[in-house]
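When the letters of the sequence shown are read in order and numbered with my numbering, they come out as residues 1 to 403. Just so you know, even glycine gets a beta-carbon here, dropped at the ideal spot from N, CA and C. The model shown is predicted, which means the values in this text are computed figures rather than measured ones. Input: a single structure, listed below in structure tokens.
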Amino acid sequence: MKKIILSIMALATVSAAYAQFGGRGQGNPTVPSVTENVTEDFKPALNNQSGHQYPMVNSQRMVRAQISAPNATSVGLDIDGKIYSMTKNENGVWTGTSAPQDEGFHYYQLNIDGASVPDPGSLYYYGASRWGSGIEVPSGDQDFWQVKNVPQGSMNEVYYWSTVTQAMRHCYIYFPNEYYTNTTKKFPVLYLMHGMGENEHGWAEQGHTAQIMDNLIAEKKAVPFIIVIDCLDARAAQPAQPAAAPQGGQRQGGQRQGGFGGFGGFGMGGAFQDVLIKDIIPMVEKNYRVIADTEHRAMAGLSMGGMTTHSVTLANPTTFAYVGMFSGGTFNTGELENNADFKKTNKALFMSCGGKENMGVMEAAENLKKIGINATGYISEGTAHEWHTWRRSLYQFVQLCFK
């Protein structure tokens with residue numbers, strides 16, 4: 001029964017993620033561009049490519065896109081699971097406006113004669129399992145992830161060899177400013193995971209992790225620590241298989257096993273737990289100035305990364321002292337009530353979701369407190385299964401860590 005419940009939760013979370021990702025151009029309903037009751041105070045989006053006026057956002061949180069495509073017969077703005085039809089002027093320039101969007105970050109793209117393509121006006125991000133467009137719909141509290149004149153840490157790209165996958169892998173590692181200015185000090189580490197259809201670029205780009213940390217450290221709301229951002233797609237190397245005997249004059253070749261097996265537990269390829277425990281943590285603790293013990297390790301993730309955090313920390317209850325699940329479901333008392341190792345090791349358990357999601361995080365936290373778990377629930381008001389929910393969640397979670 002427990003596995004069935006977790007599978008249903010996983011499917012619900014992935015479905016919500018796909019709705020948030022949007023921009024697939026297949027199966028999305030086409031609706032008319034919004035033309036009535038539109039406040040004409042549109043401004044270029046915060047994350048446009050340099051010199052581009054479009055896409056734009058107005059005070060009603062409507063998104064307006066524009067592209068020159070004189071030979072196209074139909075163009076649509078594909079965002080939030082809908083394709084808004086765009087209209088062409090005499091110069092072959094198409095313009096269209098969406099309904100109001102939730103505040104925060106949204107993936108989107110343009111649909112031109114049935115082909116889904118990125119908008120050349122926006123910066124590109126990895127989401128919905130491809131590189132494509134993204135737009136920031138301003139929120140009233142976006143100040144916490146802006147670049148400010150405070151001591152700056154750094155987000156570094158790191159390649160390392162995986163003994164599990166037998167291949168080089170890529171991750172990001174955030175170092176606080178003090179890592180460079182205090183060269184004898186060792187630091188705690190948070191291992192931070194992305195969601196379905198995304199990869200390690202997400203927290204470094206869409207999530208604004210470095211800016212959130214730099215600002216919190218400067219305000220003395222968080223202690224300085226390192227953050228490792230890796231990719232959940234990990235497939236264990238398979239031993240070479242002997243060639244099958246020829247049949248009917250033809251040799252039968254092997255078939256590569258791929259897909260998203262085990263995504264709810266140990267990553268998209270099923271081997272992430274082994275990569276984390278056998279490769280990532282040892283690599284970090286060997287090469288960088290970190291405090292290599294349980295009390296100075298944390299793990300957190302969003303959506304599928306939250307579910308993976310749930311599975312990995314339950315399977316390794318004495319490895320991480322701080323655990324965070326952002327829009328990834330909850331822990332329940334049945335899992336932890338008799339788990340002496342987890343209860344002894346855990347210093348803080350954080351569960352969050354958007355106000356437009358229904359994951360029961362507040363009730364779960366209250367129930368876990370009754371069995372002695374230092375649990376915290378958090379709801380991001382007015383947001384759904386999207387990046388502003390997760391930025392807010394990270395902002396809250398890191399203030400609990402390593403204190």
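Residue i versus residue j: straight-line alpha-carbon distance, rounded
i	j	result
residue 229	residue 376	23 Å
residue 253	residue 28	Its pLDDT being 33, under 50, residue 253 is placed unreliably in this model, and the value from its coordinates should be taken loosely. The alpha-carbon atoms of residue 253 and residue 28 are separated by roughly 38 Å.
residue 93	residue 128	27 Å
residue 361	residue 121	38 Å
residue 378	residue 389	10 Å
residue 402	residue 355	27 Å
residue 97	residue 173	38 Å
residue 233	residue 39	43 Å
residue 353	residue 380	6 Å
residue 258	residue 306	Caution applies to residue 258, whose pLDDT of 31 falls short of 50 and renders its modelled position unreliable; the value that the coordinates give is listed next. Roughly 22 Å between the two C-alpha positions.
residue 284	residue 188	11 Å
residue 367	residue 331	10 Å
residue 289	residue 225	10 Å
residue 303	residue 90	45 Å
residue 384	residue 32	24 Å
residue 301	residue 57	29 Å
residue 153	residue 116	37 Å
residue 280	residue 271	12 Å
residue 286	residue 369	36 Å
residue 166	residue 203	25 Å
residue 319	residue 164	19 Å
residue 76	residue 43	20 Å
residue 265	residue 235	Any reading at residue 265 must be qualified, since the residue scores a pLDDT of 47, below 50, and its modelled position is unreliable; the value itself is stated next. Approximately 13 Å between the Cα atoms of the pair.
residue 65	residue 182	47 Å
residue 429	residue 219	The chain is shown only over 1 to 403; residue 429 falls outside these bounds and no answer can be derived.
residue 334	residue 325	17 Å
6 Å CB neighbourhood of residue i in its chain, flanking five on each side removed
i	result
residue 447	Past the boundaries of the shown model lies residue 447; the chain is included only from 1 to 403, so the question cannot be answered.
residue 88	94
residue 382	355
residue 216	222
residue 8	Note on residue 8: pLDDT 37, under 50, position unreliable in the model; the coordinate value appears next. Closer than 6 Å at Cβ, skipping near neighbours: no residue.
residue 201	126
residue 99	34
residue 41	58, 59
Distance cut-off 8 Å: residue i Cβ against heavy atoms of the ligand ZN
i	result
residue 91	Looking for the ligand ZN in the displayed structure turns up nothing, as the structure carries no ligands at all.
Proximal residues to residue i (C-beta, below 8 Å), its chain only, five neighbours per side dropped
i	result
residue 1	Reliability of the predicted coordinates at residue 1 is poor, the pLDDT of 40 falling under 50, and no value is obtained from them.
residue 412	Within the shown structure, residues of the chain are numbered from 1 to 403, placing residue 412 beyond reach of any answer.
residue 315	273
residue 140	103
residue 168	159, 160, 161, 162
residue 321	294, 295, 296, 297, 298, 345, 346, 347, 348
residue 212	144, 145, 391, 394, 395, 398
residue 48	54, 55, 121, 122, 123
residue 118	109, 110, 124, 131, 132, 133
residue 21	Confidence at residue 21 is low in this model, with a pLDDT of 47, below 50, so its placement is unreliable and the value that follows should be read with caution. Same-chain partners within the cutoff: 107, 127, 128, 197.
residue 364	330, 331, 332, 351, 375, 377
Among the options, the one whose alpha carbon lies nearest that of residue i
i	options	result
residue 447	338, 304, 297	Given that the chain is displayed from residue 1 to residue 403, the structure contains no residue 447 and the question cannot be resolved.
residue 282	161, 215, 358	161
residue 138	77, 194, 59, 166	59
residue 357	321, 334, 327	327
residue 82	218, 107, 66	107
residue 150	67, 393, 172, 177	177
residue 387	205, 223, 286, 238	205
residue 186	216, 197, 219, 223	223
residue 36	199, 43, 62	62
residue 179	170, 193, 166, 155	155
residue 193	76, 308, 44, 237	308
residue 86	71, 101, 112	112
residue 170	209, 237, 51, 199	199
Boundaries of the alpha helix (DSSP H) in which residue i is found, first to last residue
i	result
residue 348	Run containing residue 348: none in the alpha helix (DSSP H); it sits in the beta strand (DSSP E), 348 to 354.
residue 232	Unbroken run through residue 232: none, as it is neither H nor E.
residue 202	201 to 204
residue 398	387 to 398
residue 367	361 to 369
residue 223	Per DSSP, residue 223 belongs to no alpha helix (DSSP H) and is neither H nor E.
residue 293	Residue 293 -> no alpha helix (DSSP H), and no H or E assigned at all.
residue 209	209 to 218
residue 272	272 to 275
Where the beta strand (DSSP E) through residue i begins and ends
i	result
residue 299	297 to 302
residue 283	Looking at the DSSP string, residue 283 is not in any beta strand (DSSP E); the run it does join, the alpha helix (DSSP H), is 281 to 287.
residue 375	375 to 380
residue 115	115 to 117
residue 127	124 to 127
Same chain, Cβ closer than 7 Å to residue i, neighbours up to 5 away in sequence not counted
i	result
residue 339	317
residue 276	191, 312
residue 175	153, 154, 156, 226
residue 69	75, 92, 94, 112
**Q.** Every unbroken beta strand (DSSP E) within the segment 35 to 108, with a cutoff of 3 residues, ordered by chain
**A.** 63 to 68, 75 to 79, 82 to 85, 93 to 97
Q. Considering only residues of the segment 135 to 198, which uninterrupted beta strand (DSSP E) runs meet the minimum length of 3 residues and lie entirely inside it, listed in chain order?
A. 154 to 162, 167 to 175, 189 to 193
Q.
At 4 residues or longer, what runs of the alpha helix (DSSP H) sit wholly inside the segment 309 to 340?
A. 333 to 336, all fully within the segment 309 to 340.
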